[in-house]
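In order, the protein sequences belong to chains L and R. Under my numbering, the first sequence has 201 at position 201, and the numbering climbs by one with no breaks. Under my numbering, the second sequence has 93 at position 93, and the numbering climbs by one with no breaks.
There are 2 protein chains.
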Amino acid sequence: MKEAIKAAEDSMRTGQGGPFGCVVVCCSKVIGRGNNRVTSTNDPTAHAEITAIRNACTRLQTFQLTDCELYTSCEPCPMCLSAIYWARIPTVFYANTRQDAAAIGFDDDFIYRQVPLPMEERSITMKSLLRNEALTTFRAWADKTGKMRYWSSNSYAASLLTPAINSISRASLKSTRGTSPTTSPSRMTRMRVHRPINSGNSEEIIRIAQPSPASSSSKW
Amino acid sequence: MKEAIKAAEDSMRTGQGGPFGCVVVCCSKVIGRGNNRVTSTNDPTAHAEITAIRNACTRLQTFQLTDCELYTSCEPCPMCLSAIYWARIPTVFYANTRQDAAAIGFDDDFIYRQVPLPMEERSITMKSLLRNEALTTFRAWADKTGKMRYWSSNSYAASLLTPAINSISRASLKSTRGTSPTTSPSRMTRMRVHRPINSGNSEEIIRIAQPSPASSSSKW
Chain L
1 MKEAIKAAED
11 SMRTGQGGPF
21 GCVVVCCSKV
31 IGRGNNRVTS
41 TNDPTAHAEI
51 TAIRNACTRL
61 QTFQLTDCEL
71 YTSCEPCPMC
81 LSAIYWARIP
91 TVFYANTRQD
101 AAAIGFDDDF
111 IYRQVPLPME
121 ERSITMKSLL
131 RNEALTTFRA
141 WADKTGKMRY
151 WSSNSYAASL
161 LTPAINSISR
171 ASLKSTRGTS
181 PTTSPSRMTR
191 MRVHRPINSG
201 NSEEIIRIAQ
211 PSPASSSSKW
Chain R
1 MKEAIKAAED
11 SMRTGQGGPF
21 GCVVVCCSKV
31 IGRGNNRVTS
41 TNDPTAHAEI
51 TAIRNACTRL
61 QTFQLTDCEL
71 YTSCEPCPMC
81 LSAIYWARIP
91 TVFYANTRQD
101 AAAIGFDDDF
111 IYRQVPLPME
121 ERSITMKSLL
131 RNEALTTFRA
141 WADKTGKMRY
151 WSSNSYAASL
161 LTPAINSISR
171 ASLKSTRGTS
181 PTTSPSRMTR
191 MRVHRPINSG
201 NSEEIIRIAQ
211 PSPASSSSKW
């Protein structure tokens with residue numbers, strides 16, 4: 001958390017953006033860093049958490065961070081909280097609260113109150129248009145073979161951080177597609193190694209090891 | 001909307017990601033495009049709306065799109081909806097619904113139900129840590145001079161899209177810092193031209209014209 005707070009201070013001091021910093025941690029190592037860069041990069045989505053998640057995913061070449069923890073200097077706004085859900089990060093540590101952010105002029109709390117409202121009560125005007133036409137695309141997706149899905153318990157991250165275990169995992173993946181792992185269960189129970197794969201309609205998940213205690217508490 | 005739906009089809013057909021597309025429109029012109037690229041770029045935040053907003057902001061060199069409309073092939077997930085709030089886009093048109101997305105396996109509806117929950121009821125574990133330390137940074141931000149704020153009604157976008165009016169606006173900005181506009185009110189009422197500026201503690205907003213009818217309906 002001290003690193004996240006330092007990133008927030010640096011963001012403010014260097015004029016990159018608001019006072020928000022974040023790190024993503026996996027296997028006790030920082031594998032992603034971010035700070036608010038909205039105003040300096042003209043990107044309203046460049047919040048500290050989004051930046052750190054993108055950084056971690058780029059580094060690990062994965063789109064899900066199931067074995068990671070996120071440390072942020074302020075409670076995530078709804079955009080960043082939702083990004084944490086999409087990235088499948090199970091644990092978040094935060095310092096300042098959304099009310100603290102509101103007190104210095106940020107809209108986090110306002111947006112938290114807007115998101116659950118019925119559309120017609122939001123400050124944004126939202127209108128439905130061409131639903132039937134768009135449903136055709138959704139039906140085509142449902143029928144598509146060979147598509148890459150978001151796995152609900154995918155984690156490629158931890159394996160990439162641990163070369164020794166990773167080499168075993170990769171060998172296992174080659175030899176165990178759809179079968180039981182050939183590596184020692186006692187060693188592999190330290191982490192899950194799921195892999196995003198191109199699947200047909202039958203969902204294929206390669207399971208190498210048991211879920212870790214931290215991840216098994218997730219409701220995904 | 002047809003362009004957004006086409007972007008969704010292209011995303012799916014080319015294997016870039018899920019069946020989601022989006023365009024951002026300003027002054028009847030498409031100024032940002034995006035499609036889902038989560039799996040192909042290993043970026044869980046690369047939803048169609050986020051990508052389109054970032055594209056529009058890069059093109060217009062602004063972090064707020066107050067005079068724009070967003071057309072998306074599916075109701076925005078909470079991450080994208082919140083990004084729309086941060087980008088100050090006042091109007092959204094959508095085709096498929098969150099329930100349609102859930103029906104083909106996406107978590108939009110699940111995350112909508114998670115975000116408003118008290119922390120302890122969410123599937124993500126959230127813990128407070130070092131708040132007092134982080135509050136020091138927020139206090140420093142409150143006291144900081146020369147910081148770039150998020151303006152609540154800033155729009156630099158429209159001016160950049162309309163060279164003729166833009167040239168007038170820029171001239172006006174030079175001549176009217178803190179004073180009344182010198183350009184014809186009848187011409188300038190077509191759009192607002194606010195500008196993000198470095199401000200001191202006294203908040204300085206350069207107002208050139210009246211809010212447009214579309215934007216004045218916003219509660220920001």
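Glycine residues also receive a C-beta, built at the ideal position from the N, C-alpha and C atoms.
| Asked | Found |
| --- | --- |
| Can you list, in chain order, the stretches of the alpha helix (DSSP H) that have 4 or more residues and sit fully within the region 2–67 of chain R? | 2–13, 38–41 and 48–60 |
| Applying the 10 Å Cβ sphere with the 16-neighbour rule, what's the burial state of Asn274(R)? | Residue 274(R) is absent from the model: chain R starts at 1 and stops at 220. |
| Assuming Pro44(R) and Ile53(L) are in contact, meaning their beta carbons sit under 8 Å apart, how far apart are those beta carbons, in whole angstroms? | 6 Å |
| Here's a check: name, in chain order, each residue in its chain whose Cβ is nearer than 6 Å to the Cβ of Gly18(R), leaving out the five neighbours to either side. | Asn36 |
| Return the residue from the list Cys77(L), Ile84(L), Met79(L) and Thr58(L) that minimises the CA-CA distance to Thr66(L). | Ile84(L) |
| Could you check the C-alpha separation between Thr97(R) and Ile104(R) for me, to the nearest Å? | 11 Å |
| Do Ala134(L) and Ile5(R) count as a contact pair if the criterion is CB distance below 8 Å? | yes |
| For Ala95(R), report the span of its beta strand (DSSP E) as first-last. | Thr91 to Asn96 |
| I'd like to know whether the C-beta of Gln221(R) is nearer than 8 Å to at least one C-beta of chain L. | Residue 221(R) is absent from the structure shown; chain R starts at 1 and stops at 220. |
| Output the boundary residues of the alpha helix (DSSP H) element that contains Thr125(R). | Segment Thr125 to Ser128 is the beta strand (DSSP E) holding Thr125(R); no alpha helix (DSSP H) there. |
| Whole angstroms is fine: what's the gap from Thr14(L)'s alpha carbon to Thr39(R)'s? | 33 Å |
| Select from Gln64(L), Lys127(L), Cys74(L) and Ala142(L) the residue whose C-alpha is nearest the C-alpha of Gln99(L). | Cys74(L) |
| What three-state label does DSSP hand Glu69(R) in the structure shown? | strand |
| Less than 8 Å between the beta carbons of Ile236(R) and Cys80(R), yes or no? | Lying before the first or after the last residue shown, residue 236(R) is absent from chain R, which here runs from 1 to 220. |
| Distance cutoff 8 Å, beta carbons only. Does Pro118(R) sit that close to anything in chain L? | no |
| Counting only C-beta atoms, is Cys77(L) closer than 8 Å to chain R at any point? | yes |
| Under a CB-based cut-off of 8 Å, is Asp67(R) close to chain L? | no |
| Using three-state DSSP, classify Ser184(L) as helix, strand or coil. | Annotation note: pLDDT 30 at Ser184(L) (below 50); position unreliable, coordinate value reported separately. Ser184(L): coil per DSSP, three-state reduction. |
| In the DSSP assignment, what residue or residues form a beta bridge with Cys74(R)? | Asn96(R) |
| Thinking C-beta only, is Ala56(R) closer than 8 Å to Val24(R)? | yes |
| Have a look at Phe20(R) and Gln64(R) and give me their C-alpha separation to the nearest angstrom. | 23 Å |
| Just the C-alpha distance for Gln16(L) and Thr41(L), rounded to the nearest angstrom, thanks. | 8 Å |
| I believe Leu117(L) touches Met1(R) by the beta-carbon criterion, under 8 Å. Please report the beta-carbon distance rounded to the nearest angstrom. | 23 Å between Cβ atoms; not a contact. |
| In terms of DSSP beta bridges, what is Lys144(L) paired with? | According to DSSP, which records beta bridges pairwise, Lys144(L) is partnered with nothing at all. |
| Does the beta carbon of Ser82(R) come closer than 8 Å to any beta carbon on chain L? | yes |
| If we define contact as Cβ-Cβ less than 8 Å, is Ile124(R) a contact residue for chain L? | yes |
| Just to confirm, is the Cβ distance from Ala7(L) to Ala46(L) under 8 Å? | no |
| Should Thr91(L) be flagged as near chain R, meaning a C-beta pair shorter than 8 Å? | yes |
| Got a sec? Which residues, its chain only, sit under 7 Å from Glu120(R) by beta carbon, not counting five neighbours each side? | none |
| Using a cut-off of 9 Å between C-beta atoms, extract the partners of Glu9(L) located in chain R. | Thr136, Thr137 and Ala140 |
| For the alpha helix (DSSP H) that Ile111(L) lies in, which residues bound it at each end? | Asp108 to Gln114 |
| If you draw a straight line from the alpha carbon of Asp10(R) to that of Ala101(R), how long is it in whole angstroms? | 17 Å |
| Within 10 angstroms of its Cβ, does Ala142(R) collect 16 or more other Cβ (buried), or is it exposed? | exposed |
| With a threshold of 8 Å between beta-carbons, can Ser73(R) be considered close to chain L, or not? | yes |
| Residues in the same chain with beta-carbon distance under 8 Å from Thr179(L), minus the five sequence neighbours each way, listed in chain order, please. | Unreliable positioning characterises Thr179(L) in this predicted model, as indicated by a pLDDT of 30, which lies under 50. The coordinate reading is nonetheless provided below. Answer for Thr179(L): no residue qualifies. |
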